[in-house]
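Note that the protein sequences, when read in sequence, are chains S and U. Using the working numbering, the first residue of the first sequence is number 6, and each one after it goes up by one. Using the working numbering, the first residue of the second sequence is number 320, and each one after it goes up by one. For each residue, glycine too, the CB sits at the ideal point set by N, CA and C. This one's a predicted model, so the numbers in the text were calculated from it and none came from an experiment. In what follows, a single structure is set out as structure tokens and then discussed.
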Amino acid sequence: MKLHAEDIFTVLVVLSFSAYLIGYLELFSGLFAVVLLISTFVKGQLISDYFMDLKEVEPKYRLIPTIWLIIVLSLVSVAYILPVTT
Amino acid sequence: MSEIFVDKKTYPHGDFAIWIIVYVELLTFGLLFVGYAYSRRVNLQMFNDSQLLLNQTIGFINTLILITSSYLIVRGVETIKTMQLHHRHEASMHASKWLLSAMILGGIFLVLKLSEFSNLFAQGITLSTNTFFMFYLLLTMFHFMHVTLGVVILYNLYRKTKNQGYTPTDCRGLETGAIYWHLVDLLWIVLFPLVYIMH
Chain S
6 MKLHAEDIFT VLVVLSFSAY LIGYLELFSG LFAVVLLIST FVKGQLISDY
56 FMDLKEVEPK YRLIPTIWLI IVLSLVSVAY ILPVTT
Chain U
320 MSEIFVDKKT YPHGDFAIWI IVYVELLTFG LLFVGYAYSR RVNLQMFNDS
370 QLLLNQTIGF INTLILITSS YLIVRGVETI KTMQLHHRHE ASMHASKWLL
420 SAMILGGIFL VLKLSEFSNL FAQGITLSTN TFFMFYLLLT MFHFMHVTLG
470 VVILYNLYRK TKNQGYTPTD CRGLETGAIY WHLVDLLWIV LFPLVYIMH
């Protein structure tokens, strides 16, 4: 299935609005935290693949933003998940 | 004479240099994002209290603005790449309107960020107030400078497009500028939940 710019734009808006709702309703914990991080990854990947048009290029170019997203979001997740010792 | 056949799908669009810039920016902001997350662990309560002073709604509106402007640029580039040369004038005018709209949205983003900054400064908040605001102001002001440069780039792309400066086979400058703007969008996509939502 070929995705159009409008499809990508719609998904980005919906995911951003859901992130905003998570913050607005103060739901950031447990499952919602995971949802927020995954949706951030998906949004970043959509921008990289479809807006930057990296989907069709050699994997070594396409994978750099993907790896960046994975590393940054994983490290951020660990920082938020690990218990804080006082 | 030998010919070099290059598969256009092999390499990313735009100048090679822009991709060096993209990767360097990703690395720089990535380090700041991770630094923010781990600094928060040391001062959890202070970070949570400070985050309450931020306006999530403005952050969300700014997210929508950047996403929409990125979409408009995609449409502008698409219009140039699919135009037929005998319709060059119409297509260029059409594409320039997409770019102008994206530029205006970039300008609105800057105005909203300035209002956020001035609101914080009016409360006496500076880089040295605490670690949270040091990271917040560093990240958002650094990003603000990128958006400012992006708006200048978009203005130049708009003018050249309006003057029929791009064709489907000669639009590398347009693609390069577009990639830069998408980078600005990509960085904000991570910055927004990290600074405004997660606490």
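With respect to I13/S, L51/S sits close: the two C-beta atoms are nearer than 7 Å. Listed in chain order, the non-local C-beta contacts of F46/S below 6 Å within the same chain comprise L74 and L78, local neighbours out to five positions each way being set aside. Contacts with chain U at 7 Å (Cβ-Cβ) do not include F37/S. Of the residues assessed, L346/U falls on the exposed side of the cut-off, its CB having fewer than 16 other CB atoms within 10 angstroms. Distance from the CA atom of F379/U to the CA atom of L350/U, rounded to whole angstroms, is 23 Å. Under the 8 Å Cβ criterion, the region 396 to 408 of chain U does not count as touching the region 432 to 442 of chain U, having fewer than three qualifying pairs. V466/U and R359/U have their C-alpha atoms some 26 Å from each other. Take T376/U, set aside five residues on each side of it, and no residue of its chain has a beta-carbon closer than 7 Å to its own. The beta-carbon of L8/S is placed no less than 7 Å from the nearest beta-carbon of chain U. Pairing L383/U with Y25/S, the inter-Cα distance amounts to about 11 Å. Under a criterion of Cβ atoms nearer than 9 Å, no residue of chain U is adjacent to T71/S; the nearest Cβ is some 11 Å distant. Setting aside the 5 residues that flank it on each side, Y66/S is surrounded in the same chain by L59, each with a C-beta closer than 7 Å to its C-beta; the list follows chain order.
If you look at H462/U, you'll find it in the alpha helix (DSSP H) that goes T450 to K481. For T71/S, the enclosing alpha helix (DSSP H) begins and ends at P64 to I86. For T376/U, the uninterrupted alpha helix (DSSP H) segment begins and ends at Q375 to K400. G425/U: member of the alpha helix (DSSP H) spanning R407 to A441, first to last residue. Among the CB atoms of chain S, none fall inside 7 Å of the CB of G469/U. Under the DSSP definition of a beta bridge, T486/U partners with D489/U. G349/U belongs to the set of residues whose beta carbon lies under 7 Å from a beta carbon in chain S.
Around Y390/U, the beta-carbon contacts reaching into chain S at under 7 Å are A10 and F14. What K48/S touches in chain U, judged by beta-carbon distance under 7 Å, is I508, going in chain order. When DSSP states are grouped into helix, strand and coil, M365/U belongs to the helix group. Under the three-state reduction of DSSP output, Q370/U falls in the helix class. When secondary structure is reduced to three states using DSSP, L30/S falls in the coil class, being assigned neither helix nor strand.
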